[in-house]
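Asker: Sharing a structure, written as structure tokens. Questions coming.
2 protein chains.
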Amino acid sequence: MANPSPKGIDELELIARLTRDLPANASVIAGPGDDCAVLDLGVPGHLVVFKTDALVQDIHFTMEIEPPRVGHKALARVLSDFAAAAATPVAAVITLGLPTRYDLAWIEGVYTGLRTLATRWEVAIVGGETTCTAGPVFLSIAAVGRVERNKVVRRCGARPGDAVFVSGELGGSIEGRHLDFEPRLAEARWLADNFLPHAMIDLSDGLASDLRHVLGSSRAGAEIRADSIPVSRAARHRCRGDDPARGPLAAALSDGEDYELLFTVASGNAVRVLDGWKAQFPAVRLTCIGRITSEPGLRIRDRQGLREVGEHGYRHFT
Amino acid sequence: MANPSPKGIDELELIARLTRDLPANASVIAGPGDDCAVLDLGVPGHLVVFKTDALVQDIHFTMEIEPPRVGHKALARVLSDFAAAAATPVAAVITLGLPTRYDLAWIEGVYTGLRTLATRWEVAIVGGETTCTAGPVFLSIAAVGRVERNKVVRRCGARPGDAVFVSGELGGSIEGRHLDFEPRLAEARWLADNFLPHAMIDLSDGLASDLRHVLGSSRAGAEIRADSIPVSRAARHRCRGDDPARGPLAAALSDGEDYELLFTVASGNAVRVLDGWKAQFPAVRLTCIGRITSEPGLRIRDRQGLREVGEHGYRHFT
Numbered sequence: 001m002a003n004p005s006p007k008g009i010d011e012l013e014l015i016a017r018l019t020r021d022l023p024a025n026a027s028v029i030a031g032p033g034d035d036c037a038v039l040d041l042g043v044p045g046h047l048v049v050f051k052t053d054a055l056v057q058d059i060h061f062t063m064e065i066e067p068p069r070v071g072h073k074a075l076a077r078v079l080s081d082f083a084a085a086a087a088t089p090v091a092a093v094i095t096l097g098l099p100t101r102y103d104l105a106w107i108e109g110v111y112t113g114l115r116t117l118a119t120r121w122e123v124a125i126v127g128g129e130t131t132c133t134a135g136p137v138f139l140s141i142a143a144v145g146r147v148e149r150n151k152v153v154r155r156c157g158a159r160p161g162d163a164v165f166v167s168g169e170l171g172g173s174i175e176g177r178h179l180d181f182e183p184r185l186a187e188a189r190w191l192a193d194n195f196l197p198h199a200m201i202d203l204s205d206g207l208a209s210d211l212r213h214v215l216g217s218s219r220a221g222a223e224i225r226a227d228s229i230p231v232s233r234a235a236r237h238r239c240r241g242d243d244p245a246r247g248p249l250a251a252a253l254s255d256g257e258d259y260e261l262l263f264t265v266a267s268g269n270a271v272r273v274l275d276g277w278k279a280q281f282p283a284v285r286l287t288c289i290g291r292i293t294s295e296p297g298l299r300i301r302d303r304q305g306l307r308e309v310g311e312h313g314y315r316h317f318t
Numbered sequence: 319m320a321n322p323s324p325k326g327i328d329e330l331e332l333i334a335r336l337t338r339d340l341p342a343n344a345s346v347i348a349g350p351g352d353d354c355a356v357l358d359l360g361v362p363g364h365l366v367v368f369k370t371d372a373l374v375q376d377i378h379f380t381m382e383i384e385p386p387r388v389g390h391k392a393l394a395r396v397l398s399d400f401a402a403a404a405a406t407p408v409a410a411v412i413t414l415g416l417p418t419r420y421d422l423a424w425i426e427g428v429y430t431g432l433r434t435l436a437t438r439w440e441v442a443i444v445g446g447e448t449t450c451t452a453g454p455v456f457l458s459i460a461a462v463g464r465v466e467r468n469k470v471v472r473r474c475g476a477r478p479g480d481a482v483f484v485s486g487e488l489g490g491s492i493e494g495r496h497l498d499f500e501p502r503l504a505e506a507r508w509l510a511d512n513f514l515p516h517a518m519i520d521l522s523d524g525l526a527s528d529l530r531h532v533l534g535s536s537r538a539g540a541e542i543r544a545d546s547i548p549v550s551r552a553a554r555h556r557c558r559g560d561d562p563a564r565g566p567l568a569a570a571l572s573d574g575e576d577y578e579l580l581f582t583v584a585s586g587n588a589v590r591v592l593d594g595w596k597a598q599f600p601a602v603r604l605t606c607i608g609r610i611t612s613e614p615g616l617r618i619r620d621r622q623g624l625r626e627v628g629e630h631g632y633r634h635f636t
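Chains as they are written, first to last, in this note's numbering: chain A, 1 to 318; chain B, 319 to 636.
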């Protein structure tokens with residue numbers, strides 16, 4: 001279930017228009033355009049990280065889904081953005097838009113999911129708002145947290161020569177992972193403490209799109225290898241079953257909601273990152289998929305050679 | 319346009335159920351149940367304040383309203399809660415739920431309203447999220463800010479004997495004020511700097527309900543005087559025109575969305591507060607409407623004597 005964008009104009013164009021000339025102030029270290037906003041509120045040695053996200057019924061979840069999984073997903077998406085910044089979430093507030101006649105058991109189930117995930121990551125739920133809506137249920141969550149000043153990781157730091165890594169396996173998230181994923185907070189923290197990635201993002205729009213976000217922010221390009229992309233079993237399964245016209249590689253490159261980490265480190269650190277990760281997180285795959293280049297654009301190398309990846313992802317690729 | 323609550327069970331009961339056993343952590347100074355959450359993130363001398371709120375089309379605004387007023391209202395409601403905590407907002411994030419076919423000019427108009435108010439109060443807009451919805455447009459805003467550790471004001475500090483003040487004039491907000499009000503940030507800051515109110519809240523549910531929130535949190539009661547309630551011209555007008563069955567006093571007591579401040583100070587400070595306020599904010603009325611009592615409950619004194627104010631506001635009062 002990819003994150004849909006309002007039609008009319010392209011979502012990126014809409015965001016570009018809305019974020020033009022937004023008011024800033026001296027506290028803003030990173031504003032619109034990164035996974036999280038980063039603020040200097042005067043905490044010695046630390047920055048404050050701030051993020052919001054929303055789920056809408058029948059777009060991000062359906063009423064057939066067990067309610068705790070809906071609550072889990074709502075908060076996990078926000079925490080995944082904290083992971084991308086190598087930040088530690090501290091507190092969240094919940095806004096709930098409900099129809100006039102709502103199912104109390106459903107809401108309590110959603111809160112069970114929220115509460116369980118928040119407890120696991122020591123995130124306080126410190127308030128919220130309930131309101132009526134004549135439309136689908138919506139659930140908007142904002143969170144604040146902290147990161148050491150010298151450890152915040154953003155999208156914009158990728159350097160030519162960097163190795164590009166992704167955690168986990170990609171594609172086919174709609175088979176279940178989009179509801180049950182665990183945000184990669186521990187992995188991101190470990191990376192920041194040990195290697196300080198140059199750039200990091202969580203994969204929500206799909207590998208190709210999100211890597212493009214990093215490249216755009218970093219004013220760089222990348223070359224990735226088709227045979228190194230870690231394609232998930234769900235992506236292979238879907239491409240055998242429901243959707244044979246789309247290859248598994250295309251799914252891994254373009255499916256949204258993987259909620260894995262993509263990061264870059266200096267190439268000299270690549271082997272140490274892989275070895276350290278394997279020792280620390282033996283159950284989570286980590287793959288080097290390519291490298292950052294000074295030449296702009298995103299290119300992929302496969303048996304036919306090197307080719308440019310089109311602007312609109314990989315739907316026409318296989 | 320009062321803030322509607324989901325039906326089924328009472329909104330307060332719903333909130334009580336949902337906020338039961340929420341995870342907290344060592345950073346939480348005030349969690350659910352106050353105007354804002356208050357966090358200790360380690361800023362020397364300061365606490366961090368955190369709040370979210372949402373507007374829904376056809377509940378809090380209609381498409382006939384000029385879009386900048388919608389944007390203004392969305393942010394002003396959040397800033398009004400910062401005023402209630404005597405806090406200074408620093409940064410906000412915006413979540414926008416839009417239909418598949420949206421009107422770009424409308425959204426840009428909303429952002430004009432957001433941008434203008436944010437600029438006036440030096441609030442940075444640092445990000446957000448756009449998403450599709452098949453239902454009415456929604457606009458959820460979260461903000462973070464700061465307050466000196468020794469100046470944060472909450473709902474829970476009212477003490478027997480305190481004088482109870484309200485700013486401005488009450489009732490009939492639906493005639494226009496609910497869209498155009500200026501959050502009482504300057505007034506609240508001045509109060510905190512000069513008098514440190516024992517308790518403060520912004521009037522969103524209506525004077526009687528919001529005063530009850532203060533009394534409940536403070537484990538106290540109050541006695542107010544009917545002839546001292548500052549009834550707005552809009553409330554008088556509505557009660558002459560559209561709605562003759564409801565008296566203007568009842569409107570001032572029960573209409574929502576006044577976005578004025580209600581606060582309590584030690585009675586010995588009452589005259590200095592009034593004099594100082596008049597000098598500082600000559601255009602904004604300030605009225606002492608009664609006093610805090612150790613006896614619980616909310617009572618009102620009028621020509622017929624003293625009577626208890628019913629649980630469900632003043633609709634049956636006049």
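C-beta: ideal position from N, C-alpha, C; glycine also.
If we define contact as Cβ-Cβ less than 8 Å, is residue 664(B) a contact residue for chain A?
Answerer: What is shown of chain B runs 319 to 636, which leaves residue 664(B) out entirely.
Asker: Which same chain residues end up closer than 8 Å to residue 603(B) when comparing Cβ atoms and leaving out the 5 residues on each side of it in sequence?
Answerer: Within the second sequence, residue 603(B) is the residue found at index 285, counting from 1. Same-chain partners within the cutoff: 485, 486, 487 and 548.
Asker: Who are the neighbours of residue 426(B) on chain C, taking C-beta pairs under 8 Å?
Answerer: The chain inventory of the structure shown lacks chain C, comprising the protein chains A and B.
Asker: Give the DSSP-derived three-state secondary structure of residue 599(B) in the structure shown.
Answerer: Along the second sequence, one-based indexing puts residue 599(B) at 281. Three-state result, residue 599(B): coil.
Asker: Please tell me whether residue 380(B) has its Cβ less than 8 Å away from any Cβ of chain A.
Answerer: Counting from one through the second sequence, the residue named residue 380(B) turns up at place 62. So no, residue 380(B) is outside the interface.
Asker: Please list the terminal residues of the continuous alpha helix (DSSP H) segment that includes residue 73(A).
Answerer: The residue given as residue 73(A) occupies position 73 in the first sequence. Looking at the DSSP string, the run of the alpha helix (DSSP H) that includes residue 73(A) is 67-84.
Asker: For chain A, find out if any of its Cβ atoms is closer than 8 Å to the Cβ of residue 361(B); answer yes or no.
Answerer: Locating residue 361(B) in the second sequence gives position 43, counting from the first residue. Interface residue, yes.
Asker: Can you tell me whether residue 589(B) is buried or exposed, with buried defined as 16 or more other CB within 10 angstroms of its CB?
Answerer: Counted from its first residue, the second sequence places residue 589(B) at position 271. Result: exposed.
Asker: Rounded to whole angstroms, what is the Cα-Cα separation between residue 191(A) and residue 85(A)?
Answerer: Position 191 of the first sequence, counted from the first residue, corresponds to residue 191(A). Position 85 of the first sequence, counted from the first residue, corresponds to residue 85(A). In a straight line, the C-alpha of residue 191(A) is about 11 Å away from that of residue 85(A).
Asker: Comparing the C-beta of residue 464(B) with each C-beta of chain A, is any distance below 8 Å?
Answerer: One-based indexing of the second sequence puts residue 464(B) at position 146. Taking Cβ atoms only, chain A reaches closer than 8 Å to residue 464(B), which makes this a yes.
Asker: Does the Cβ-Cβ distance between residue 46(A) and residue 360(B) come in under 8 Å?
Answerer: What you label residue 46(A) is simply residue 46 of the first sequence in a count that begins at 1. What you label residue 360(B) is simply residue 42 of the second sequence in a count that begins at 1. Yes, Cβ-Cβ distance for residue 46(A) and residue 360(B) is below 8 Å.
Asker: Can you give, in chain order, each stretch of the beta strand (DSSP E) that sits fully within the stretch 473-520 of chain B and has at least 3 residues?
Answerer: Within the stretch 473-520 of chain B, the complete beta strand (DSSP E) runs of at least 3 residues are 481-485 and 517-520.
Asker: DSSP three-state call for residue 331(B): helix, strand or coil?
Answerer: Within the second sequence, residue 331(B) is the residue found at index 13, counting from 1. Residue 331(B) falls in the helix class under three-state DSSP.
Asker: Note down, in chain order, every chain B residue with its Cβ under 8 Å from the Cβ of residue 122(A).
Answerer: What you label residue 122(A) is simply residue 122 of the first sequence in a count that begins at 1. By Cβ distance, chain B contributes 341 and 343.
Asker: Taking the DSSP output, what are the residues bridged to residue 345(B)?
Answerer: Taking the first residue of the second sequence as position 1, residue 345(B) is located at position 27. Residue pairing from DSSP leaves residue 345(B) without any beta-bridge partner.
Asker: Pick from 216(A), 105(A) and 110(A): whose alpha carbon is nearest that of residue 158(A)?
Answerer: Residue numbering aside, residue 158(A) sits at position 158 when the first sequence is read from its first letter. For residue 158(A), the nearest C-alpha among the options comes from 216(A).
Asker: Please list, in chain order, the chain B residues whose beta carbon lies closer than 7 Å to that of residue 37(A).
Answerer: In the first sequence, the residue the question calls residue 37(A) occupies position 37. Those within 7 Å of residue 37(A) in chain B are 409, 411, 444 and 445.
Asker: Below 8 Å between beta carbons is the criterion; list the residues of the stretch 387-399 of chain B that meet it against any residue of chain A, in chain order.
Answerer: none
Asker: Does residue 65(A) have its Cβ less than 8 Å from a Cβ in chain B?
Answerer: Start at 1 with the first residue of the first sequence, and residue 65(A) comes out as number 65. No, because no Cβ of chain B sits closer than 8 Å to the Cβ of residue 65(A).
Asker: Give the C-beta separation of residue 443(B) and residue 23(A) to the nearest angstrom, bearing in mind that I take them to be a contact with Cβ-Cβ under 8 Å.
Answerer: The residue labelled residue 443(B) in the question sits at position 125 within the second sequence. The residue labelled residue 23(A) in the question sits at position 23 within the first sequence. About 6 Å; that satisfies the 8 Å criterion.
Asker: Identify each residue in the stretch 475-491 of chain B for which the Cβ-Cβ distance to at least one residue of chain A is less than 9 Å, and report them in chain order.
Answerer: Taken residue by residue, none of the stretch 475-491 of chain B has a beta-carbon sitting less than 9 Å from a beta-carbon on chain A.
Asker: From this set, 483(B), 470(B), 376(B) and 573(B), which residue's C-alpha is nearest residue 133(A)'s C-alpha?
Answerer: In the first sequence, counting from the first residue as 1, residue 133(A) sits at position 133. Closest option to residue 133(A), Cα to Cα, is 376(B).
Asker: Look up residue 426(B) in the DSSP assignment and say whether it is helix, strand or coil.
Answerer: On the second sequence, residue 426(B) is found 108 positions in, with the first residue counted as 1. It is helical.
Asker: Comparing the C-beta of residue 47(A) with each C-beta of chain B, is any distance below 8 Å?
Answerer: Indexing the first sequence from 1 puts residue 47(A) at position 47. For residue 47(A), the answer is no, since every Cβ of chain B falls outside 8 Å of its Cβ.
Asker: Is residue 237(A) helix, strand or coil by DSSP?
Answerer: If you number the first sequence from 1, residue 237(A) lands on position 237. Helix at residue 237(A).
Asker: So which residues on chain B does residue 115(A) lean against when the C-beta distance must stay under 8 Å?
Answerer: Mapped onto the first sequence, residue 115(A) falls at position 115. Those are 339, 340 and 341, listed as they occur along chain B.
Asker: Of all the alpha helix (DSSP H) runs that stay within the bounds of the stretch 246-300 of chain A, which reach a length of 4 or more residues?
Answerer: 248-254 and 270-280
Asker: Taking the alpha-carbon positions, what's the residue 393(B) to residue 164(A) distance?
Answerer: On the second sequence, position 75 is the one that residue 393(B) refers to. On the first sequence, position 164 is the one that residue 164(A) refers to. Taking the straight line joining both Cα atoms gives about 40 Å.
Asker: Answer yes if the stretch 50-67 of chain A comes into contact with the stretch 136-154 of chain A, meaning at least three C-beta pairs across the two stretches below 8 Å, and no otherwise.
Answerer: yes
Asker: May I have the straight-line CA-CA distance separating residue 244(A) from residue 112(A), to the nearest angstrom?
Answerer: Here residue 244(A) corresponds to residue number 244 of the first sequence, with the count starting at 1. Here residue 112(A) corresponds to residue number 112 of the first sequence, with the count starting at 1. With a pLDDT of 49 at residue 244(A), under the threshold of 50, the modelled position of this residue cannot be trusted; read the value that follows with caution. Cα to Cα, residue 244(A) sits roughly 37 Å from residue 112(A).
Asker: Of all Cβ atoms in chain A, is any one closer than 8 Å to the Cβ of residue 454(B)?
Answerer: Residue 454(B) sits at position 136 when you count from the first residue of the second sequence. Closer than 8 Å to some Cβ of chain A, the Cβ of residue 454(B) qualifies, so yes.
Asker: Could you check if residue 62(A) is buried or exposed, using at least 16 other CB atoms within 10 Å of its CB as the buried criterion?
Answerer: Walking along the first sequence from the start, residue 62(A) turns up at place 62. Under this definition residue 62(A) is an exposed residue.
Asker: Whose CA, out of 292(A), 304(A) and 180(A), lies closest to the CA of residue 260(A)?
Answerer: As a position in the first sequence, residue 260(A) is number 260, starting the count at 1. With distances taken between Cα atoms, residue 260(A) lies closest to 180(A).
Asker: Does residue 468(B) pass the burial test, meaning 16 or more other C-beta atoms within 10 Å, or should it be called exposed?
Answerer: Translated into positions along the second sequence, residue 468(B) becomes position 150. The residue in question, residue 468(B), is exposed, as its Cβ has fewer than 16 Cβ neighbours within 10 Å.
Asker: If I follow the unbroken alpha helix (DSSP H) through residue 523(B), where does it start and stop?
Answerer: What you label residue 523(B) is simply residue 205 of the second sequence in a count that begins at 1. Note, residue 523(B): premise wrong, no alpha helix (DSSP H); not H, not E.
Asker: Between the stretch 567-586 of chain B and chain A, which residues of the former have a C-beta closer than 8 Å to a C-beta of the latter?
Answerer: none
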